[in-house]
Amino acid sequence: QGMWNVVPQFLGFIVFIICMLAEVERVPFDLPEAEAELVEGWTTEIGGLRLGLVFAAEYIRGFVGAMIATILFLGGWSGPFLPGEIWFLLKVYGILIFFIILRWTVPRIRTDQILLLGWKRLLPLSLINLALAILYVEVF
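Taking the working numbering, the leading residue of the sequence shown gets 82, the next gets one more, and so forth.
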């Protein structure tokens, strides 16, 4: 009852984090910010305030993704001694710090590797997770 969903849904948590990184186009999935895209991509057509708003929107997407992960897998605002808002923000910032550490340590991957990861790794893992979740609900 009081257990975080990351315990029974650890595989789902891993798949969610990887897919969220791909959605917000952070390393290693930051192909729109690759060197070739900086020279001839869509970001060369805008600048100034508009480019700043695009980058702000990317960071807001990452923050919202971390908030969703906190609510779904890390117990949301539940925690001892501190108010719920503090616990929620601590968990969100913990996920964001994890993303920053990943950005420093993981190299960018090619487009074909991203496709292979999605189709040959993440899709089967998500189907296995779905089967395990159904089994978990039926047993417990």
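Note that beta-carbon positions come from the ideal geometry of N, C-alpha and C, so glycine has one too.
Inter-residue spacing [alpha-carbon to alpha-carbon] between residue i and residue j
i: Tyr217; j: Met101; result: 24 Å
i: Gln90; j: Gly128; result: 42 Å
i: Gly156; j: Trp85; result: 5 Å
i: Ile162; j: Leu171; result: This sequence places Phe at residue 162; Ile is not what is there. Rounded to whole angstroms, Phe162 to Leu171 spans 13 Å at the Cα level.
i: Ala212; j: Leu203; result: 14 Å
i: Gly143; j: Leu177; result: 8 Å
i: Val145; j: Glu126; result: 27 Å
i: Phe97; j: Glu106; result: 14 Å
i: Pro188; j: Phe179; result: 15 Å
i: Gly133; j: Ala103; result: 21 Å
Alpha helix (DSSP H) segment containing residue i, residue limits
i: Leu204; result: Leu204 to Val220
i: Leu196; result: Thr192 to Leu197
Nearest residue (CA-CA) to residue i, options the options
i: Phe154; options: Ile95, Leu130 and Leu198; result: Ile95
i: Gly199; options: Phe110, Leu130 and Arg131; result: Phe110
i: Leu183; options: Val88, Val108 and Leu92; result: Val108
Item to check | Those runs of the alpha helix (DSSP H) which lie wholly inside the segment 92–169 and span at least 4 residues | outcome: 116–121 and 130–154
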